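Trainee: Note that the UniProt record's numbering has the sequence shown beginning at 1, numbered continuously upward. Think of the CB as a built atom: it goes at the ideal place given N, C-alpha and C, for glycine as much as any other residue. On a predicted model such as this, the values are computed, not experimentally measured, just so you know. This is the structure I have questions about; it appears just below.
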Amino acid sequence: MNQKKHKTEDLGNWKPFVEQLHKEWEKVKSEQVDENLELKEKTWKRVDRKIFSPRRYILRAGWAVAAALVGVMLYWGYKIPEKHEIKSVAYIEHSYVEGRMYILPDSSTVWLEPESKIRISSDFLSKREVWLTGSSVFEVKKKANTDFKVYINTACIEVKGTVFSVNQPTLDTSIIALYEGAIDFVGKNQSLISMAPSQRLVYDVHTGSTLVENFPENIQLVDGNYRFTDIRLDNLMDFIRKKYRVEVELDKAVNHGLLLTGTIRNDESMEAVIEKICFSSQLTYKKNGSHYLLMK
Numbered sequence: 001m002n003q004k005k006h007k008t009e010d011l012g013n014w015k016p017f018v019e020q021l022h023k024e025w026e027k028v029k030s031e032q033v034d035e036n037l038e039l040k041e042k043t044w045k046r047v048d049r050k051i052f053s054p055r056r057y058i059l060r061a062g063w064a065v066a067a068a069l070v071g072v073m074l075y076w077g078y079k080i081p082e083k084h085e086i087k088s089v090a091y092i093e094h095s096y097v098e099g100r101m102y103i104l105p106d107s108s109t110v111w112l113e114p115e116s117k118i119r120i121s122s123d124f125l126s127k128r129e130v131w132l133t134g135s136s137v138f139e140v141k142k143k144a145n146t147d148f149k150v151y152i153n154t155a156c157i158e159v160k161g162t163v164f165s166v167n168q169p170t171l172d173t174s175i176i177a178l179y180e181g182a183i184d185f186v187g188k189n190q191s192l193i194s195m196a197p198s199q200r201l202v203y204d205v206h207t208g209s210t211l212v213e214n215f216p217e218n219i220q221l222v223d224g225n226y227r228f229t230d231i232r233l234d235n236l237m238d239f240i241r242k243k244y245r246v247e248v249e250l251d252k253a254v255n256h257g258l259l260l261t262g263t264i265r266n267d268e269s270m271e272a273v274i275e276k277i278c279f280s281s282q283l284t285y286k287k288n289g290s291h292y293l294l295m296k
């Protein structure tokens with residue numbers, strides 16, 4: 001009994017020490033946990049700063065944007081083939097100082113007058129279009145299901161296998177004469193005029209007005225030259241007025257019904273033509289500016 005009591009007293013004496021020891025242990029454990037937690041938090045923040053620094057954030061954002069753009073490009077790359085391909089068309093221009101005959105890729109022939117020029121596309125055979133500046137004679141070859149178009153100033157001539165001439169003596173006037181076949185003329189007012197052989201159309205570039213008139217059937221275009229057969233002298237003078245845009249008169253003493261046969265070259269000058277007519281008709285002429293008077 002006394003031994004048991006002694007042991008209890010001994011344990012009682014140890015109790016305050018054990019409690020203090022337990023407190024110290026808990027304190028050390030708590031401080032160690034706090035230190036470990038603080039160390040972990042510092043380490044995490046340091047890693048977080050390295051991974052998600054502003055520079056790396058920008059790079060990450062850039063990569064995200066780039067990825068999005070690649071996606072869009074891949075999408076449009078898939079969609080683009082559905083659209084028609086736009087072809088780049090080159091143009092070929094021909095200009096001659098002294099006039100020249102030129103054969104187009106479709107075997108149509110163009111006789112350019114001096115200082116005139118034409119422009120065609122590199123794929124002319126699939127789309128027969130000609131842009132003309134100046135004056136020229138055309139002999140167009142027929143081609144199934146393909147029109148031939150000549151653009152002048154503010155107008156377009158739609159050709160259906162024919163022989164015709166385009167004369168542009170001034171910037172204000174275009175004169176189209178049809179010798180064979182058929183053409184449709186479309187001016188700036190978009191009205192269509194169909195022309196028959198031996199018809200001449202005078203077009204005002206600015207107003208869009210047109211005048212269609214007949215000319216003698218015995219004037220033809222052959223190899224780019226004007227060939228006339230048994231044409232009255234006064235009718236020939238009218239033709240020269242229209243072609244060269246000059247004033248030509250016959251004196252009263254001259255036989256207006258005199259018949260002439262001959263050829264006028266497409267590039268022949270006005271004075272050369274007058275001299276040939278006077279020589280073959282035994283006439284002379286006087287010139288006053290752009291006015292010519294033929295007389296005996």
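#1: When we look at the beta-carbon of Ser122 and count the other beta-carbons within 10 Å, is it buried (16 or more) or exposed?
#2: So Asp204 and Asp238 are supposed to be a Cβ contact under 8 Å. How far apart are they, rounded?
#3: From Pro197 to Tyr179, what distance separates their C-alpha atoms?
#4: Buried or exposed, going by whether 16 or more other CB atoms sit within 10 Å of the CB of Asn167?
#5: Hey, how far is the Cα of residue 329 from the Cα of Glu213?
#6: What are the boundary residues of the beta strand (DSSP E) that includes Asp184?
#7: Can you list, in chain order, the stretches of the beta strand (DSSP E) that have 3 or more residues and sit fully within the UniProt domain "Protein FecR C-terminal" (226-291)?
#8: Would you decide whether Trp44 is buried or exposed? Buried here means 16 or more other CB atoms lie within 10 Å of its CB.
#9: Grouping DSSP H, G and I as helix and E and B as strand, with all else coil, what is Glu158?
#10: Return the chain-ordered ranges of every alpha helix (DSSP H) run that is complete within the region 105-144 and spans a minimum of 4 residues.
#11: Are Ile219 and Leu201 close, meaning C-beta to C-beta below 8 Å?
#12: Using the C-alpha atoms, what's the distance from Leu294 back to Arg241?
#13: By Cβ distance, which residues of its chain are closer than 7 Å to Glu93, with the 5 residues on each side in sequence left out?
#14: Taking 8 Å as the cut-off, decide whether the C-beta atoms of Asp184 and Ser194 are in contact.
#15: So, are the CB atoms of Leu250 and Ser165 less than 8 Å apart?
#16: Just list the residues that DSSP pairs Asp204 with in beta bridges.
#17: Excluding the five sequence neighbours on either side, which residues of its own chain have a C-beta within less than 7 Å of the C-beta of Asn153, listed in chain order?
#18: Comparing C-alpha positions only, which one of Phe138, Ser107, Leu112 sits nearest to Glu124?
#19: I need the boundaries of the beta strand (DSSP E) containing Gln220, first residue and last residue.
#20: At what residues does the beta strand (DSSP E) containing Ser165 begin and finish?
#21: Going by DSSP, what residue range makes up the beta strand (DSSP E) through Thr146?
Mentor: On the basis of the supplied data:
#1: exposed
#2: Wrong, their Cβ atoms sit about 20 Å apart, outside the cutoff.
#3: 5 Å
#4: buried
#5: Look at the range of the chain in this structure, 1 to 296, and you will see that residue 329 is not part of it.
#6: 183-186
#7: 247-250, 259-264, 284-288
#8: Low confidence applies to Trp44: its pLDDT is 45, below 50, so where it sits in the model is not reliable, and the reading given next is rough at best. Under this definition Trp44 is an exposed residue.
#9: strand
#10: none
#11: no
#12: 13 Å
#13: Lys117, Arg119
#14: yes
#15: no
#16: Thr173
#17: Ser174, Val205
#18: Reading the sequence as shown, one finds Phe at residue 124 and not Glu. Nearest C-alpha to Phe124: Ser107.
#19: 219-222
#20: 163-167
#21: Counting along the chain, Thr146 falls outside any beta strand (DSSP E), and DSSP gives it neither H nor E.
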